[in-house]
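Notes for the one structure printed next.
Residue numbers (the working numbering): 2 to 130.
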């Protein structure tokens, strides 16, 4: 009986800047409809894979920006509880993100026009084996 040798494998999540950014919450909602799904992957999973000590409450970049950038704790908490493992694919997760943001914009029209203290920069991920 032939036994295959034990092999150690590793992978890394590489961050690639897209050059795209948004300033308002409405722009974020609109851009979420067009960005590559690899951006959504990065902004959910990338935060879990890179060391971070400043935002233990919010585990994805969308929630962190909503809290830090436009200071909307309500939306930040709604975005933070989205579990990406509960969706069959990233397109379904994209639709959920857009829906949550649309609901919040309907609740508070002023959020459409708030200029945040920082832009949200989209980054896409690429896994290297």
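Cβ coordinates follow ideal geometry from the N, Cα and C atoms, glycine included.
In angstroms, rounded to a whole number, what distance separates the CA positions of residue i and residue j?
i           : j          : result
residue 65  : residue 9  : 35 Å
residue 102 : residue 3  : 56 Å
residue 63  : residue 25 : 12 Å
residue 85  : residue 99 : 14 Å
residue 78  : residue 45 : 14 Å
Closest to residue i by C-alpha separation, out of the options, would be which residue?
i           : options               : result
residue 59  : 113, 82 and 86        : 82
residue 43  : 25, 15 and 23         : 15
residue 29  : 126, 116, 130 and 127 : 116
residue 23  : 47, 128 and 114       : 114
residue 67  : 112, 107, 125 and 17  : 112
residue 118 : 61, 21, 93 and 72     : 72
residue 120 : 6, 21 and 5           : 21
residue 108 : 38, 5, 76 and 7       : 76
At what residues does the alpha helix (DSSP H) containing residue i begin and finish?
i           : result
residue 126 : That residue, residue 126, is in no alpha helix (DSSP H); its beta strand (DSSP E) goes 121 to 129.
residue 66  : 62 to 70
List the DSSP bridge partners of residue i.
i          : result
residue 15 : 127
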